[in-house]
Amino acid sequence: MKKLLITYIKKSIETLWPEVLCPEISLTPPQKEEFGEYATPVALQLGKIIGENPRTVAEKIVASIAEHQCISNCTVAGPGFINFKLTDEAVLNNLSTILSQKELFEKRSHDKPQTIIVEYSHPNVAKPLSIGHLRSTIIGESLKRIFIHLGYNVIADNYLGDWGTQFGKLIYAYKSWGNEATVKKDPIHEFLQLYVDFHTKAETDPTLEDNAREEFKKLENGDTENLALWNWVVKESKKELHKLYERLETSFTFIHGESFYQNMLEEIIQEALKKGIAVQNEDNSVAVLNDHPTLPSTLIQRSDGATLYLTRDLAADKYYEEQFHPLKVLHVVSNEQALYFKQLAAVRKQIGSTHEILHINFGLMRLPEGKMSTRKGRVIFLEQVLEDAVTRAYEMVKDREGLTEEEKKSIAKTIGIGAVKYNDLSQNRKTDIVFDWEKVLNLHGNSGPYLQYTYARILSVITKATESTEIPGQKLELTESEKSLLRKFLYFGEAIEEAAKEYSPNILSTYLYELASLFNTFYQQVPILKAEKTQQKFRLALSQATAELLKTGLNLLGINVVNKM
RNA sequence: GCGCCAGUAGCUCAGAGGAUAGAGCAACGGUUUUCUAAACCGUGGGUCGCAGGUUCAAUUCCUGCCUGGCGCACCA
């Protein structure tokens, strides 16, 4: 609908002022409903360009826009805004499209679907996930779902941190003071403990760092003992991670950890040297020299011959290019690594990688007392947050009547996890978040459970209904809340497209919250099942459509709905 | 020192050239013989960090400053 209107406006401007380059037309829902469904300030911009009074320009445009069956009227307001009011027919058509569940928005037509790789979550093995890791995981998962919905071929990769000096640290710590029996009892937490202890000891004894590097070097050279230890650690960690992803309903096309690229690393280094974009230093380390004037150069080989994160990322980049020919690769990684990604982008460009890479950066999850740090033990684990959220949700659901214990547990799980996910997804991706227990576990107001509740409420009404949904042929007198809801339905597709364009799921979550809020107002104000028959059918149609949009939208955020709660 | 990000209500945050800047939480008041009160309605609460500039129009863009966060080769 929006695209159609833009075409009309553009055509009329091009006819009126053929010599003028038409500015980009912004068409947005005005804040006030009385202004109609869409508005554009294009006449204000145009007035400036052609030196005419914006209002006159606007009036000319309005006059030239021929009658279209979807436009009921189009008027000039204020300094020169053009407001469009759609016909009832157009608005009701949109409702029936939603109900028929065909296409909830205008899909892009792809002859050949283009591939987008979303790389997200990337936890380090041997460490439990902190609440900070949640951001990458759920933002990535949501982007994955959104792009699939938009018709792309999406590959989800979890780039596991399963290689690097950290393993040297762990191996050294285990060999030096580890105990097999304690590790076996609770592998992940014991690995963490070893890692934390390592850093505590390293503070007073700097030689430990060298020892760790030595162990990692041995691992990279295929030392049997270290490799066996590494395999064990990875196996235990993956088991643990698998459980968590299942809980979060997050899935990947594949999980290629950094270790996957091991045998490509030598080639990467040699290629870079050959192409003259890297140089070998006297101490045997290899530094890449990007051609950017201000970016600091960085290493792809340590002086002891071992590789670094960048080396492995370059290998992954090459692998993606050769295997999938992606349109773009999205790296969902926190703000901290902004500089690193600039370096990566600069280097791979010199190597000749052609696909676009984007750093989908997000703000840090901070504690009120400062940055989280696993080493310092100042950290909140994801596991615990989910646990608490589910417990709190259970407290709410346990007194409900007509639900079995089994149902209550399952509902609590969905609600609790939905609350945690929504809390994160509803905030702008780029800004830092201060972790706040009360907010994360909140089940009221602008929250995941609010949306889930709205959905469950609608389903309850629909199951009790004896009439079928029907959109009336003849004109109905609509209440304000019905009109608002119908109007909101128009913008669903736009919210998804916008979220995709900005790689920001919070645009969608805001839309869904507003939609639910409008529905709840409507629900409160008018009876549905006790209304007169024609009206009842129509109100059921409105309810049904709201439920469809909520379910689809929440699914795109990675949040499930429940039929009862 | 250099670079990146941010500063909006008591708190946590949306909004990003357009019409009277919005939510949630917290505070206060109201709504249940009606379809789920995890809801709804209302009240109070703002120098959009500060100062300039660009523009018909700036909280939004530009510059400077202040404050906070993050980063700046052998970590990932």
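Going by our numbering, the first residue of the first sequence is number 17, and it counts up by one from there. Where a beta carbon is used, it is the ideal one built from N, C-alpha and C, also for glycine.
Check                                                                                                     : Outcome
Pick from Ser426, Ser112, Asn462 and Thr537 that is closest to Ser669, judged by C-alpha positions        : The requested residue 669 is not part of the displayed model; the chain covers only 17 to 581.
Residues bridged to Gly177 [DSSP beta-bridge criterion]                                                   : Asn140
Ser389 - partner residues in DSSP beta bridges                                                            : Arg394
Inter-residue spacing [alpha-carbon to alpha-carbon] between Lys18 and Leu501                             : 18 Å
Rounded straight-line distance, which links the Cα of Asp173 to that of Glu135                            : 5 Å
At least three beta-carbon pairs within less than 8 Å, the stretch 186 to 196 to the stretch 418 to 438   : no
Residue burial classification, Val107 (beta-carbon count within 10 angstroms, cutoff 16)                  : buried
Range of the contiguous beta strand (DSSP E) that encloses Ile81                                          : First-last for Ile81: undefined, no H or E at that position.
Coarse secondary structure for Asn99, derived from DSSP in three states                                   : strand
Rounded distance between the beta-carbons of Ile114 and Leu441, thought under 8 Å                         : That pair is no contact at about 23 Å.
Cβ neighbour criterion (16 or more within 10 Å) applied to Pro342                                         : buried
Buried versus exposed call for Leu355 [16 or more other C-beta atoms within 10 Å across all chains shown] : exposed
Given 8 Å, three or more beta-carbon pairs between the stretch 515 to 523 and the stretch 158 to 169      : yes
Opening and closing residue of the beta strand (DSSP E) in which Lys344 lies                              : Lys344 to Ser350
Length of the line joining the Cα atoms of Leu60 and Ala93                                                : 11 Å
Unbroken alpha helix (DSSP H) run spanning Ala511, endpoints                                              : Phe508 to Glu518
Beta-bridge partners of Thr56, as assigned by DSSP                                                        : Ile98
Beta-carbon gap between Leu311 and Ala294 smaller than 8 Å                                                : no
Distance, Gly177 Cα to Ile284 Cα                                                                          : 19 Å
Cβ-Cβ distance between Leu573 and Ser525 below 8 Å                                                        : yes
First and last residue of the uninterrupted alpha helix (DSSP H) at Ile367                                : Ala354 to Ile367
Glu337 vs Thr390 beta-carbon contact at 8 Å                                                               : no
Any non-hydrogen atom of the ligand FAD closer than 7 Å to Trp33 Cβ                                       : Only the bare structure without any ligand can be found here, which leaves the ligand FAD out of the picture.
Proximity of Ile98 and Val78 at Cβ, strictly below 8 Å                                                    : yes
Ser158 (DSSP reduced to helix, strand or coil)                                                            : helix
Buried versus exposed, by CB contacts within 10 Å (16 or more), Tyr24                                     : buried
Among Leu21, Leu494, Leu208 and Trp33, the one whose alpha carbon lies nearest that of Pro45              : Leu21
Identified DSSP bridge partners for His375                                                                : His347
Leu243 versus Gly461 - alpha carbon distance                                                              : 51 Å
Strand pairing of Ile87, partner residues [DSSP]                                                          : Leu102
Contacting residues, own chain, Cβ-Cβ under 6 Å from Val73 (five flanking each side not counted)          : Ala59, Leu62 and Gly63
Length of the line joining the Cα atoms of Lys446 and Asn522                                              : 11 Å
Straight-line Cα distance separating Lys128 from Ile87                                                    : 35 Å
Burial state of Val36 (16 or more Cβ within 10 Å)                                                         : exposed
Distance CB(Asp329)-CB(Leu360) smaller than 8 Å                                                           : yes
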